[in-house]
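If you're matching them up, the sequences are chains A and B in order.
In case it helps, the working numbering puts the first sequence at residues 1 to 112.
In case it helps, the working numbering puts the second sequence at residues 1001 to 1115.
All C-beta atoms, glycine included, are put in the ideal place defined by N, C-alpha and C.
Below is one structure, written out as structure tokens, with a few remarks after it.
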Amino acid sequence: SQQGEEDPQALSIQEGENATMNCSYKTSINNLQWYRQNSGRGLVHLILIRSNEREKHSGRLRVTLDTSKKSSSLLITASRAADTASYFCATESGGGADGLTFGKGTHLIIQP
Amino acid sequence: AAGVIQSPRHLIKEKRETATLKCYPIPRHDTVYWYQQGPGQDPQFLISFYEKMQSDKGSIPDRFSAQQFSDYHSELNMSSLELGDSALYFCASSWRGGVSGEKLFFGSGTQLSVL
């Protein structure tokens, strides 16, 4: 079953603008992670936020987590053409080596 | 730095054939995961191994099996291939030490096309 659902499914903005992507999930989680994927390539980990954290920053990335609403957002500030990719949130609910459950992803296009 | 190595990069098979995908995790990583990603879809978790033992099972068909060997490399075996098995198959590894919360490192994937 789907755990993470992202919106919007596609987002096109001008270079330099900020991009915000949202993710909702259904069950309780240990942590939520965001990954980036260039077309046909492997996923690259961006940031992890634990269930007891509300906000986290990494460079131009800002992630928020609202466990009461079971939602998270990823903000990319000052976007660049190289940020064009698909972005997925992934949740971890179990312990040990349980697999991550990915959402459907947001395809972000940065217009130069 | 060493990354997760997957082979082959591309694989073309006929219906009802078998396929074997290989994954070499990052050295000293103790957990391997397999994911399937159809065109325009999100990655679907198939199976994972922790310290060479099967740890968790997702939406892996009975026609598929996987194992992790003593050198920590893993293989995904797929039999009686169907057209719907055409997808990008990713392997990922992490060091978990039995505790959740570590990021996954993904390989570049194997693109399987079933004709």
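It is roughly 44 Å from the alpha-carbon of Glu1082 of chain B to the alpha-carbon of Ala78 of chain A. When DSSP assignments are scanned along the region 1047-1074 of chain B, the uninterrupted stretches of beta strand (DSSP E) that are 3 or more residues long and fall wholly within it turn out to be 1053-1057, 1064-1068. At a cut-off of 8 Å, the C-beta of Lys1052 of chain B has no neighbouring C-beta in chain A. Contact with chain B is found for His45 of chain A, since one of that chain's Cβ atoms lies less than 8 Å from the residue's Cβ. Using a Cβ-Cβ cut-off of 7 Å, Gly1038 of chain B is close to nothing in chain A; its nearest Cβ partner there is about 11 Å away. For the pair Val1032 of chain B and Pro1039 of chain B, the CB atoms are not nearer than the 8 Å cut-off.
Shown here, Asp1085 of chain B sits in a helix according to DSSP, grouped into three states. If you draw a 10 Å sphere on the C-beta of His107 of chain A, you find 16 or more other C-beta atoms in it, and that means buried.
For Trp34 of chain A, the uninterrupted beta strand (DSSP E) run begins and ends at 31-37, by DSSP. For chain A, none of the residues of the region 1007-1029 of chain B brings a beta carbon within less than 8 Å of one of its beta carbons. For Ala85 of chain A, the CB contacts under 7 Å within the same chain, skipping 5 residues up- and downstream, are Arg36, Gln37, Asn38, Leu108 in chain order.
Residues Thr64, Leu65 of the same chain have their beta carbon placed closer than 7 Å to that of Arg54 of chain A, with the five preceding and five following residues left out of the count. DSSP, read as helix, strand or coil, puts Ala85 of chain A in strand.
Looking at the DSSP output, Trp1034 of chain B shares a beta bridge with B:Ile1047, B:Cys1091. Within chain B, no residue has its beta carbon less than 7 Å from that of Arg36 of chain A; the closest one is some 11 Å off. The Cβ-Cβ distance between Arg1009 of chain B and Ser1108 of chain B falls below 8 Å. Taking the Cα positions, Asn31 of chain A is about 29 Å away from Ala81 of chain A. Here Arg62 of chain A is bridged, per DSSP, to A:His57, A:Leu75. For Asn18 of chain A, no beta strand (DSSP E) run applies, since DSSP gives it neither H nor E.
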